[in-house]
Amino acid sequence: MTTVAEVTGGGRAANSPYSLSHLDALESEAVHIFREVAGEFENPVLLFSGGKDSIVMLHLALKAFAPAAVPFPLLHVDTGHNFPEVLAYRDRTVARHNLRLHIASVQDYIDRGVLKERPDGTRNPLQTLPLTEKIRSERFDAVFGGGRRDEEKARAKERVFSLRDEFSQWDPRRQRPELWNLYNGRHAPGEHVRVFPLSNWTELDVWQYIAREGIELPEIYFAHEREVFLRNGMWLTAGDWGGPKEGERVEKRLVRYRTVGDMSCTGAVDSDADTVEKVIAEIAASRLTERGATRADDKLSEAAMEDRKREGYF
Amino acid sequence: MSTTTTEELPATTLLRFATAGSVDDGKSTLVGRLLHDSKSVLADQLEAVRRASAGRGQDSPDLALLTDGLRAEREQGITIDVAYRYFATPRRRFILADTPGHVQYTRNMVTGASTAELTVILVDARNGVVEQTRRHAAIAALLRVPHVVLAVNKMDLVGHRESVFAAIAEEFTAYATELGIPEVTAIPISALHGDNVVEPSATMDWYGGPTVLEHLETVPVSHDLAHCHARLPVQYVIRPQTAEHPDYRGYAGQIAAGTFRVGDEVTVLPSGRTTRISGIDLLGRPVDVAWTPQSVTVLLEDDLDVSRGDLIVPSKDAPATTQDVEATVCHLADQPLTVGHRVLLKHGTRTVKAIVKDIPSRLTLDDLSLHPHPGRLVANDIGRVKIRTAEPLPADSYADSRRTGSFILIDPSDGATLTAGMVGESFASPEPVKDTADDDGWDF
Chain A
1 MTTVAEVTGG GRAANSPYSL SHLDALESEA VHIFREVAGE FENPVLLFSG GKDSIVMLHL
61 ALKAFAPAAV PFPLLHVDTG HNFPEVLAYR DRTVARHNLR LHIASVQDYI DRGVLKERPD
121 GTRNPLQTLP LTEKIRSERF DAVFGGGRRD EEKARAKERV FSLRDEFSQW DPRRQRPELW
181 NLYNGRHAPG EHVRVFPLSN WTELDVWQYI AREGIELPEI YFAHEREVFL RNGMWLTAGD
241 WGGPKEGERV EKRLVRYRTV GDMSCTGAVD SDADTVEKVI AEIAASRLTE RGATRADDKL
301 SEAAMEDRKR EGYF
Chain B
1001 MSTTTTEELP ATTLLRFATA GSVDDGKSTL VGRLLHDSKS VLADQLEAVR RASAGRGQDS
1061 PDLALLTDGL RAEREQGITI DVAYRYFATP RRRFILADTP GHVQYTRNMV TGASTAELTV
1121 ILVDARNGVV EQTRRHAAIA ALLRVPHVVL AVNKMDLVGH RESVFAAIAE EFTAYATELG
1181 IPEVTAIPIS ALHGDNVVEP SATMDWYGGP TVLEHLETVP VSHDLAHCHA RLPVQYVIRP
1241 QTAEHPDYRG YAGQIAAGTF RVGDEVTVLP SGRTTRISGI DLLGRPVDVA WTPQSVTVLL
1301 EDDLDVSRGD LIVPSKDAPA TTQDVEATVC HLADQPLTVG HRVLLKHGTR TVKAIVKDIP
1361 SRLTLDDLSL HPHPGRLVAN DIGRVKIRTA EPLPADSYAD SRRTGSFILI DPSDGATLTA
1421 GMVGESFASP EPVKDTADDD GWDF
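Same order as they appear, the protein sequences are chains A and B.
Residue numbering for the first sequence is 1 to 314, as defined by my numbering.
Residue numbering for the second sequence is 1001 to 1444, as defined by my numbering.
Shown next as structure tokens:
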């Protein structure tokens, strides 16, 4: 434990000798989920984007199986619009922990003519097909995702073990009830289970845990100077993916990212938070949810996430 | 839903709680009020609610919309499932299992209550304790939820009268005591106007107790673990087999109940082999003692054959193993549970084949009447069952241990979760039931 731990609630709660801090309770629950999957499934995989939630997932997986290696590979669904800092982080992490990495490439699908670029240049909705085909071809039967129930309304009813049919589709009415901590991972051949170890975590929990554990993140999560332009009320990074368009003015601003996704639809926020502690203070005072602030794709319609989940999105 | 709070950090402990009540009781408004008044609703969420309320021609934001989830529900104006909400105050982090109160959704209330340390049961002050209230109380009692809050809502519609509240609180508390519920806290509220939800009421000065949120912040979440049976279901065997750790063999699991110490004499079930704990690894840190619900890796002195599904217990406090399980169950699936049904039973980390030998009775939650030998249980039925397992199970009584006294039944053909089970007697007190075959009024 470091000094940070005391500041951010990582220490043992003082009111009972046998109580746990909320971070310890969430950590223990997530580790239990990882071990259940490792114990019951043949071929799990962990979705790894280089975003903070997937980084925290990997950290938990490393702790769950230490001193042994993580008994499953990573899968990156690569939109082709990556922040270079995030790709570098991914490769560094894979090498450091001696992990195996699978990549499902949206660009390949576009090059082969299977997927078409959208007029708005956004590639997040295009991830579903490469992801589901990779799950089928590699016969993954459990897929860890970093989804959190606090992110969005459609996720609030997601199970920890979420059964998907052979088309990866999610049917809210077919989901199994989950009682106590008894997870049911039974599935038919061709079906798989999406597993969400961070279901009960919030954005603030994730940041507090990052601080407590001293987890390294890609630099773009912290305030830095960047050339950005304004679209749909969000600061987007200029780049080959299609921005800026005519009339959109590029300027240099001090920003950071609250989420990391496809460059074309992940917005930066004005921020001078250049340390984990400052980020936590900023989030605690924030008046916008992270998806509300930074994700154009969720603004497409009120039920945008519900629709994408049904189709097999994360 | 998001959770950030503008108050000072940190939140220390975690409280999981559930709500039960129908739309008419104002449950969604209560939950919306808790989120809104604890400043857990952020500007973009509130703006979405304002837009939606205006679109429906409502003047003020309808806080109930904060908790509406899926489009299918919004279109039909119903809540179809358990939704989880997250919020925090400087004192505590909360996980709320928000369950709908319709008759046909008993299974959702059971699901929400299974992990809850506290249940908020809502009643409409104008109607008092009704059948549905009794059903909610019975579920809290069956699931052994340690703390129950009775929120008497819509006090503004009964003139904020103390006598109305006192009568409802007295009737409910008597019923809850009969069910064996150890603790009831009754609070008069108006969710619509915010009285006694987060802020104390300005109009009910006769009430001197805590608001709903104050109570949630201060109710004790951990009990005296020293007197609990210690149980560690083995999830996974960790064997690095590396140059650095050639002989490491650790048994990983989440402590389901009680405490374990290095040096404890332990027995591994079902084999019955005995050894001592030589080390406890708490996610990378060696410790002398660990307790529920910590995830740990335990090292044993002797090289026993231990695998996933085994249960590590103190030798002096081992549960009996049995192949004949008697339990109270809630049936969850649309296909019925019948006598002779072949199922899989998951208990802890162990899944075994089993057969339903008998269904001695079905319980009507409204009046706790028993209906003998129903032959089958359909979705949302509560009943007693006798199950024969293919292998011995080290099951505790649910009254002693919620984690190691519970199980689920799984359909081996399609993998569906059929039934949730609790080993042993249904209620804490001697069963206050009247035995009757009269099916009148049974409406599940």
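All C-beta atoms, glycine included, are put in the ideal place defined by N, C-alpha and C.
Treat the numbers as computed from the prediction; the structure is a model and nothing was measured.
Check, Outcome
"Of all the beta strand (DSSP E) runs that stay within the bounds of the segment 1175 to 1210 of chain B, which reach a length of 3 or more residues?", "1184 to 1188"
"According to DSSP, is D24 of chain A helix, strand or coil?", "helix"
"CA-CA distance, R155 of chain A and Y1084 of chain B?", "9 angstroms"
"Following the continuous beta strand (DSSP E) through Y89 of chain A, name the residue where it begins and the one where it ends.", "Premise fails: Y89 of chain A lies in the alpha helix (DSSP H), P84 to R96, not in any beta strand (DSSP E)."
"Would DSSP call Q1254 of chain B helix, strand or coil?", "strand"
"Below 8 angstroms, how does it come out for the segment 259 to 270 of chain A and the segment 233 to 247 of chain A: are there three or more Cβ pairs, yes or no?", "yes"
"What do you reckon, are the CB atoms on G1383 of chain B and P1374 of chain B nearer than 8 angstroms?", "yes"
"Taking R1249 of chain B as the query, report the chain A residues whose CB atoms sit under 8 angstroms from its CB, ordered along the chain.", "By Cβ distance, chain A contributes nothing, its closest Cβ being about 10 angstroms from R1249 of chain B, past 8 angstroms."
"Give a yes or no on whether the minimum CB-CB distance between L1014 of chain B and chain A is below 8 angstroms.", "yes"
"In chain order, what residues of the segment 1391 to 1413 of chain B put their CB closer than 9 angstroms to some CB of chain A?", "R1402, R1403, S1406, F1407, I1408, I1410, D1411 and P1412"
"Does A1083 of chain B have its Cβ less than 8 angstroms from a Cβ in chain A?", "yes"
"Any beta-carbon of chain A closer than 8 angstroms to the one on P1293 of chain B?", "yes"
"Does DSSP put H1371 of chain B in a helix, in a strand, or in coil?", "strand"
"Taking C-alpha atoms, which residue in B:F1427, B:A1428, B:E1326 and B:P1100 lies nearest to P1360 of chain B?", "B:E1326"
"In whole angstroms, what separates the C-alpha of P17 of chain A from that of I1095 of chain B?", "22 angstroms"
"Return yes when at least one heavy atom of the ligand NAP lies under 7 angstroms from the C-beta of L1300 of chain B, else no.", "Ligands in the displayed structure: none, and consequently the ligand NAP is not present."
"Here's the rule I'm using: 16 or more other beta-carbon atoms within 10 Å means buried, otherwise exposed. How should D1247 of chain B be labelled?", "exposed"
"Taking one C-beta from the segment 1121 to 1129 of chain B and one from the segment 1168 to 1181 of chain B each time, how about it: are there three or more such pairs within less than 8 angstroms?", "yes"
"Where does W170 of chain A sit, in a helix, a strand or coil, going by DSSP?", "coil"
"For R1273 of chain B, which option in B:L1300, B:T1012 and B:G1209 has the closest C-alpha, if you only look at C-alpha atoms?", "B:L1300"
"Along the segment 1114 to 1134 of chain B, where does the CB come closer than 9 angstroms to a CB of chain A? Name the residues.", "S1114 and T1115"
"For the alpha helix (DSSP H) containing R1033 of chain B, list its first residue and its last residue.", "K1027 to D1037"
"Within the 8 angstroms Cβ cut-off, does R186 of chain A reach chain B?", "yes"
"Closer than 8 angstroms by beta-carbon distance: list the chain B residues that pair up with L46 of chain A, in chain order.", "Correct list: empty, because the minimum Cβ distance to chain B is about 16 angstroms."
"Residues of the segment 1342 to 1354 of chain B in Cβ contact with chain A at a cutoff of 9 angstroms, in chain order, please.", "L1344, K1346, H1347, G1348, T1349 and T1351"
"Measuring CB to CB, does V1356 of chain B end up less than 8 angstroms from G1340 of chain B?", "yes"
"For T202 of chain A, is the classification buried or exposed, using 16 other Cβ atoms within 10 angstroms of its Cβ as the cut-off for buried?", "buried"
"How many angstroms separate the CA atom of T1012 of chain B from the CA atom of L1143 of chain B?", "26 angstroms"
"Ignoring anything shorter than 3 residues, give me the beta strand (DSSP E) runs that lie fully in the segment 1121 to 1155 of chain B, in order along the chain.", "1147 to 1153"
"Examine chain A for any beta-carbon lying closer than 8 angstroms to the beta-carbon of Q978 of chain B, and answer yes or no.", "This structure leaves residue 978 of chain B out entirely; chain B is present only between 1001 and 1444."
"Quick check on L300 of chain A - is its C-beta less than 8 angstroms from some C-beta in chain B?", "The predicted model places L300 of chain A with a pLDDT of 42, which falls under 50 and marks its position as unreliable; any figure quoted below should be read in that light. No, L300 of chain A lies away from the interface with chain B (no Cβ there is under 8 angstroms from its Cβ)."
"I need the straight-line Cα distance from E248 of chain A to A1048 of chain B, nearest angstrom please.", "27 angstroms"
"Could you please give the first and the last residue of the uninterrupted alpha helix (DSSP H) stretch that includes V279 of chain A?", "V276 to A285"
"R1093 of chain B touches chain A at which residues, Cβ-Cβ below 7 angstroms?", "H22"
"At a CB-CB cut-off below 7 angstroms, which residues of chain B make contact with E36 of chain A?", "Q1235"
"Please identify the residue among B:L1157, B:L1035, B:L1365 and B:T1267 whose C-alpha is closest to the C-alpha of V1298 of chain B.", "B:T1267"
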